Amino acid sequence: RGVQLSITNFYRSS
Amino acid sequence: MLELRLVQGSLLKKVLESIKDLVNDANFDCSATGFSLQAMDSSHVALVALLLRSEGFEHYRCDRNISMGMNLGNMAKMLKCAGNDDIITLKADDGSDTVTFMFESPTQDKIADFEMRLMDIDSEHLGIPEAEYHAILIMPSAEFARICKDLSSIGDTVVISVTKEGVKFSTRGDIGTANVVCRQNTTVDKPEEATVIEMPEPVSLTFALRYLNSFTKATPLSNTVTISLSSEIPVVVEYKIAEMGYIRFYLAPKIEE
């Protein structure tokens, strides 16, 4: 149910 | 030279038990601030961030910042050999490709050392910007674990909705639906039994229960859990580690197709 987003959609490499 | 002596060794045992099934390999970073880790699960849906501050160790020597790659399953196997009351010391020499875990019984009549090979792990460190959360929920960690476990027997995903009235956890599956509502409750005997909803702006997000259930393996670390929610960003599930730091789990939401 629904599309699972990824953590990397939100946080970028520092 | 690295030497970290943790009198309450059981904390490190509990930390490993709470993350070893989520993350296979990770770099532990050691600096003057403390002993920390940041790692994503293999599908990059969840992220764990651990901090054990240097002040929380009885002895903390870290001559220069180092990053030690460890297989968490193997590390957990070694830490399982430490007694719950044991003092645990981590040692590593400069340039060495091993780390030594030393376990001392409280009465000093048994001392064991376990040496583990380190690994080269190519991991990216993510910057997590400060976020303003719409709702912060503080509740007994055992209660949160119970809700996640109960709902996962009905469905795969949970909708967490916060309103002024409280927080609702909802799921649906082939056999039916389930809703659990927790209202703010601060009239309890002990503060750790309270359910508190701070900044209750309406917010509703959907998450995979499989990951939330995995996070609840950290329940033995803290009586309470703090869940921070904001629209369209990952939820943060935080277990504070008394006087030492925290373990935070970030989980990306699911969105409508």
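Note that the protein sequences, when read in sequence, are chains A and B.
Under our numbering, think of the first position of the first sequence as 1, with each following residue one higher.
Under our numbering, think of the first position of the second sequence as 1, with each following residue one higher.
We treat Cβ as the ideally placed atom computed from N, Cα and C, and that holds for glycine.
Quantities reported herein were computed from a predicted structural model and do not represent experimental measurements.
Let me know the secondary structure DSSP gives V15 (chain B) once reduced to three states.
If you number the second sequence from 1, residue 15 (chain B) lands on position 15. DSSP places V15 (chain B) in helix when its eight states are reduced to three.
Give me the Cα-Cα distance between K13 (chain B) and T163 (chain B), rounded to the nearest whole angstrom.
What you label residue 13 (chain B) is simply residue 13 of the second sequence in a count that begins at 1. What you label residue 163 (chain B) is simply residue 163 of the second sequence in a count that begins at 1. Approximately 37 Å between the Cα atoms of the pair.
Please report the residue range of the alpha helix (DSSP H) in which S214 (chain B) lies.
The residue you call residue 214 (chain B) lines up with position 214 of the second sequence. First-last of the alpha helix (DSSP H) with S214 (chain B): L209 to F215.
Taking 9 Å as the threshold (C-beta atoms), are E243 (chain B) and S228 (chain B) in contact?
Working through the second sequence from its first residue, we reach residue 228 (chain B) at position 228. Working through the second sequence from its first residue, we reach residue 243 (chain B) at position 243. No, Cβ-Cβ distance for S228 (chain B) and E243 (chain B) is not below 9 Å.
With burial defined as no fewer than 16 other Cβ atoms inside 10 Å of the residue's Cβ, what is the status of N179 (chain B): buried or exposed?
Taking the second sequence and counting its residues from 1, the one referred to as residue 179 (chain B) is at position 179. Exposed, since its Cβ has fewer than 16 Cβ neighbours within 10 Å.
Assuming N74 (chain B) is part of the alpha helix (DSSP H), what are its boundary residues?
Against the second sequence, residue 74 (chain B) aligns to sequence position 74. L72 to L79 is the span of the alpha helix (DSSP H), which, as asked, contains N74 (chain B).
To the nearest angstrom, how far is the alpha carbon of S67 (chain B) from that of C30 (chain B)?
Taking the second sequence and counting its residues from 1, the one referred to as residue 67 (chain B) is at position 67. Taking the second sequence and counting its residues from 1, the one referred to as residue 30 (chain B) is at position 30. So the alpha carbons of these two residues sit roughly 6 Å apart.
Could you check what DSSP says for K149 (chain B) in three-state terms: helix, strand or coil?
As a first step, residue 149 (chain B) must be located in the second sequence, where it is residue number 149. K149 (chain B) falls in the helix class under three-state DSSP.
Cα separation between I88 (chain B) and D41 (chain B)?
In the second sequence, residue 88 (chain B) corresponds to position 88, counting from 1. In the second sequence, residue 41 (chain B) corresponds to position 41, counting from 1. I88 (chain B) and D41 (chain B): Cα-Cα distance of roughly 27 Å.
Using the three-state DSSP reduction, which class does N9 (chain A) fall into: helix, strand or coil?
Position 9 of the first sequence, counted from the first residue, corresponds to residue 9 (chain A). Correct three-state label for N9 (chain A): helix.
So which residues of chain A does E124 (chain B) contact, with C-beta pairs closer than 7 Å?
As a first step, residue 124 (chain B) must be located in the second sequence, where it is residue number 124. Here the neighbours are S13.
Between the stretch 173 to 190 of chain B and the stretch 120 to 131 of chain B, can you find at least three pairs of beta-carbon atoms closer than 8 Å?
Too few Cβ pairs lie closer than 8 Å, so no.
Anything in chain A within Cβ reach of T177 (chain B), meaning under 7 Å, just list it in chain order.
Mapped onto the second sequence, residue 177 (chain B) falls at position 177. Going along chain A, no residue has its Cβ under 7 Å from T177 (chain B), so there is no contact; the nearest lies around 12 Å.
Any idea if Q8 (chain B) is buried or exposed, counting beta-carbon neighbours within 10 angstroms, 16 or more meaning buried?
One-based indexing of the second sequence puts residue 8 (chain B) at position 8. With 16 or more Cβ atoms within 10 Å of its Cβ, Q8 (chain B) is classed as buried.
Please tell me whether H134 (chain B) has its Cβ less than 9 Å away from any Cβ of chain A.
Position 134 of the second sequence holds residue 134 (chain B). Not an interface residue.
Is the stretch 108 to 117 of chain B close to the stretch 140 to 160 of chain B, with three or more CB pairs under 8 Å?
Contact fails: fewer than three Cβ-Cβ distances are below 8 Å.
List the residues that DSSP assigns as beta-bridge partners of D298 (chain B).
As shown, chain B starts at 1 and ends at 257. That puts residue 298 (chain B) outside it, with no answer to give.
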